[in-house]
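Q: Residue numbers (my numbering), protein chains in the order written: chain A, 1238 to 1505; chain B, 128 to 441. My structure is below; once you've seen it, I'll send some questions.
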């Protein structure tokens, strides 16, 4: 059940010129949010940007004791720029929580899972890490970016999962291993590590590599897919991806969290 | 002051002039959690075809200044699935349903209309002859007087439902096209569908939309749509008109009514705010009350134009 409500900006935390966390009042959306859900946020007066923007609900937390939704945002254009400039107290129309969340209900305390993030793809994994940790599950994080600045919220992940369970990779070697995060995961899997499920979010090239790797290893997975959306609740049909059964499926309604076998990776 | 919001569009009576536009409102039911569907003037559902349609490969949409481009390609579940799976619930909750229909050929259009038959749960048929995002059918019918005349006449003969023809703005002479549709049997017109546009990714020099061009909608097109409603109203004083194109608020509704629309359809704004259409009837009643308008129909076609005088050369 999605809610269309106006929530106020509680705080904006800028990590660098390109990344920030936007904290909004939790409203009634907070209590209904599960890891992998997203929300549509309106920035500005409705002319530029015109459409709401889709963001993973990164965390359900508090700001100075006030229940809050956290969105981790990479500045990419008009919408992400405008949202980052909103002053504290500014009203933001929000529609959420939306979409199919990560499948976690069937996981037991003895299950070990992996979280794989590329760049801003950390967003849906923060609340997942918090939730899994609260349930006592062991989760390993594999998180890659171009450089150290791309790898966000490390303190939160390390607090939820334990520092020894967080592995990083960067293109320039400024943090963790130099290279791709999928290579770090592949090495772990080749070394005998196995996971009940792999949760992932990142850019398309990462998803492609990961889908092939996980299929080879026969591991179950859920990918939080990204797509440009106009509505976020299945009516504009703008965000579709080609599926393995030959359809075009809405990422907003049938996703964003789907098993990799759902997607036709040759056509996407 | 009690304001009469009802509108009579030929045989089609609406409780208020706020409808929702095809392609922007799904099958209506997706909006049930955001507004009261039974309180809308009407719901024009996603364009229905004889067989289910997968639509175009992505990318299908991109935002533009004060609007968006789309080339969805008329993805829909098909008329049979609509009648079996969506219409019963729409009827149960007392929604006023307009079935928007399309096809690649005249036979396809007639086939869809025949499937609907005399089903009274459908209040009217809206003929889409104006979709710019398909390689066959759609706008090809709407931009060719002979094809349009033949199609409207055949569909007219195939249904007893009120017949609305939704026209394309991508024409030189909207009045000419409107006359053809009305002469061939249209009971009402929907003005207008999207304007063909192109947006380019500068880095890749590729179109932002997979279909290359897309249909432009949103506030960016409103003045074009209002002008076309006005032109058709001037030429055809009696024909019922749904005005649409960038309706975002009650002022936009009133503007369309003054230009000559009897009712409006809210379109792309449904994506931005799924509750919006549910608020507009109440806001329209307030606007009318504040302006001493007792019946909303009294606003229709009341544009006060100034004579165009030519003083360019002394």
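Just so it is clear, CB atoms sit at the ideal spot from N, CA and C, and this is done for glycine as well. These numbers were taken from a predicted model, which means no experiment stands behind them.
Kindly indicate if chain B contains any beta-carbon less than 8 Å away from that of residue 1444 of chain A.
A: Residue 1444 of chain A does not count as touching chain B.
Q: Determine, for residue 1287 of chain A, whether the minimum Cβ-Cβ distance to residues of chain B falls below 8 Å.
A: yes
Q: Is it the case that the stretch 1360-1370 of chain A contacts the stretch 1323-1335 of chain A, given that we only count it when at least three CB pairs across the two stretches are under 8 Å?
A: no
Q: So who's on the other strand from residue 385 of chain B, going by DSSP bridges?
A: BP columns for residue 385 of chain B are empty, so no partner.
Q: Considering only their Cβ atoms, is the gap separating residue 200 of chain B from residue 259 of chain B smaller than 8 Å?
A: no
Q: Taking 7 Å as the cut-off, is the CB of residue 437 of chain B close to at least one heavy atom of the ligand MG?
A: For the structure depicted, the ligand MG is absent and the ligand set is empty, with no information on it obtainable.
Q: Just how far apart, CA to CA, sit residue 255 of chain B and residue 1413 of chain A?
A: Taking the straight line from one Cα to the other gives about 57 Å.
Q: So what's residue 1312 of chain A in DSSP terms, helix, strand or just coil?
A: When secondary structure is reduced to three states using DSSP, residue 1312 of chain A falls in the coil class, being assigned neither helix nor strand.
Q: Kindly indicate which three-state DSSP category residue 1489 of chain A falls into: helix, strand or coil?
A: coil
Q: Figure out for me which residue from A:1328, A:1470 and A:1269 has the closest Cα to the Cα of residue 155 of chain B.
A: Cα-wise, what sits closest to residue 155 of chain B is A:1470.
Q: Going by beta carbon distance, what residues of the same chain come within less than 6 Å of residue 1296 of chain A, once the five residues before and after it are set aside?
A: Excluding sequence positions up to five before and after residue 1296 of chain A, its CB lies within less than 6 Å of the CB of 1307, 1363 and 1364, all in the same chain and listed in chain order.
Q: Can you confirm whether residue 1335 of chain A, when its beta carbon is compared against all beta carbons of chain B, has any partner nearer than 8 Å?
A: no
Q: If you measure beta-carbon to beta-carbon, which residues of the stretch 1466-1482 of chain A are closer than 9 Å to chain B?
A: 1466, 1467, 1468, 1469, 1470, 1471, 1472, 1473, 1474, 1475, 1476, 1477, 1478 and 1479
Q: Compare the C-alpha of residue 1303 of chain A against each of A:1312, A:1293 and A:1326 and name the closest.
A: A:1326
Q: Give the residues from the stretch 166-199 of chain B that approach chain A closer than 9 Å (Cβ to any Cβ), ordered along the chain.
A: 173, 181, 182, 183, 184, 185, 186, 187, 188, 189, 190, 191, 192, 193, 194, 195, 197 and 199
Q: Quick one: grab the DSSP three-state call for residue 1351 of chain A.
A: In the structure shown, the three-state DSSP call for residue 1351 of chain A is strand.
Q: How should residue 1424 of chain A be labelled, buried or exposed, when 16 other C-beta atoms within 10 angstroms of its C-beta is the threshold for buried?
A: exposed
Q: Run through DSSP, which three-state label would residue 159 of chain B get?
A: coil
Q: Of all the beta strand (DSSP E) runs that stay within the bounds of the stretch 1395-1438 of chain A, which reach a length of 3 or more residues?
A: Within the stretch 1395-1438 of chain A, the complete beta strand (DSSP E) runs of at least 3 residues are 1403-1407 and 1434-1438.
Q: Residues bridged to residue 1249 of chain A by DSSP?
A: Answer is A:1259.
Q: Let me make sure I understand the geometry here. Which of B:231, B:283, B:414 and B:290 has the alpha-carbon closest to that of residue 263 of chain B?
A: B:231
Q: Can you tell me whether DSSP reads residue 1346 of chain A as helix, strand or coil?
A: DSSP places residue 1346 of chain A in coil when its eight states are reduced to three.
Q: Quick one: which chain A residues come within Cβ less than 7 Å of residue 345 of chain B?
A: 1287
Q: Report, in whole angstroms, the separation of the C-beta atoms of residue 1351 of chain A and residue 1447 of chain A, which I expect to be a contact under 8 Å.
A: Incorrect: roughly 10 Å between the Cβ atoms, too far for contact.
Q: How is the alpha helix (DSSP H) around residue 1268 of chain A delimited, first residue to last?
A: 1266-1269
Q: Let's see if you can read the secondary structure: which residues bound the alpha helix (DSSP H) around residue 1443 of chain A?
A: Element bounds for residue 1443 of chain A: 1441-1454.
Q: With DSSP as the reference, label residue 338 of chain B as helix, strand or coil.
A: coil
Q: Is there a C-beta anywhere in chain B that falls below 8 Å from the one on residue 1276 of chain A?
A: no
Q: Are the stretch 1247-1256 of chain A and the stretch 1265-1284 of chain A touching, with three or more C-beta to C-beta distances below 8 Å?
A: In this structure the stretch 1247-1256 of chain A does not lie against the stretch 1265-1284 of chain A, because fewer than three pairs of beta carbons, one per stretch, are closer than 8 Å.
Q: Mind checking residue 162 of chain B: buried by the 16 CB within 10 Å criterion, or exposed?
A: buried
Q: For residue 202 of chain B, go through chain A and note every residue whose CB falls closer than 9 Å to its CB, in chain order.
A: Going along chain A in sequence order, the residues near residue 202 of chain B (Cβ under 9 Å) are 1474, 1477 and 1485.
Q: How would you label residue 434 of chain B, buried or exposed, when you count the other beta carbons within 10 angstroms and need 16 or more for buried?
A: exposed
Q: Please name the residue, chosen from A:1373, A:1479 and A:1468, that lies closest to residue 1509 of chain A on a Cα-to-Cα basis.
A: This structure cannot settle anything about residue 1509 of chain A, because the visible part of chain A is limited to 1238 through 1505.
Q: For residue 352 of chain B, I'd like the list of residues in its chain whose CB is within less than 8 Å of its CB, leaving aside the five on either flank, ordered along the chain.
A: 296, 318, 319, 370, 371, 372, 373 and 383
Q: Could you pull the start and end residues of the beta strand (DSSP E) that residue 293 of chain B belongs to?
A: Taken as a continuous stretch (DSSP letters only), the beta strand (DSSP E) holding residue 293 of chain B covers 290-294.
Q: Nearest chain B C-beta to residue 1313 of chain A closer than 8 Å, yes or no?
A: no
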